[in-house]
Amino acid sequence: MNPNEWKQNGRVSIWSYEGKPRNYPGWHLNCDEAGALSLMRLVGALANSSELAKRTVSVTRPVQEQLAVPNCSAKPRAPEKLILEVSSKWFISEADDKVLLGFPAEMAIELESGLRSLSQGDGDYYIGEKGSELWFWW
């Protein structure tokens, strides 16, 4: 599939915590089953694209049931958009109420695996590098 043909399905929530609490660094991701499967298709399409492409994902603010899983007392903050792109290295950056997640094509399998775990109600681990962790929460 061409990444430009991708259409988002389901709910995707991503957030970080104000003050960057020591035990809750980085960004935290939760999706419903349809959202996780939709992102898996997007990650695969981006990783297999012959062109450098990026796609914007609409984000739903996390609700209390989602925030109760990591159980952090710090205030969450969520962007309005998540942008995924294939990059030469892993990074997560934030600007203008958007989070940009860049991942090398060879990390697509790891990212897809995390999304698959969300679709199966699993999580509580992260991928990425220290300072740019992406946590998966069921």
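Numbering (our numbering), first residue to last: 1077 to 1214.
Positions of the beta carbon are idealized from the N, C-alpha and C atoms, including for glycine.
- Residue pairing by DSSP places E1170 opposite V1175 in a beta bridge.
- The C-alpha of P1138 lies about 13 Å from the C-alpha of K1157.
- In the displayed model, P1152 falls within a strand according to three-state DSSP.
- For R1117, the enclosing alpha helix (DSSP H) starts and ends at E1109 to N1124.
- V1135 is positioned such that its CB atom lies no closer than 8 Å to that of L1115.
- In this structure S1149 is exposed. Its beta-carbon is surrounded by fewer than 16 other beta-carbon atoms within 10 angstroms.
- The beta strand (DSSP E) runs of length 3 or more contained entirely in the segment 1086-1110 are, from start to end of the chain, 1088-1093 and 1103-1107.
- In this structure, the alpha-carbon of I1203 lies about 17 Å from that of G1120.
- If you look at E1209, you'll find it isn't in any alpha helix (DSSP H); it sits in the beta strand (DSSP E) that goes S1208 to F1212.
- Note on geometry: alpha-carbon atoms of A1129 and P1180 lie some 12 Å from one another.
- Within the DSSP bridge table, the entry for K1130 names E1161 as partners.
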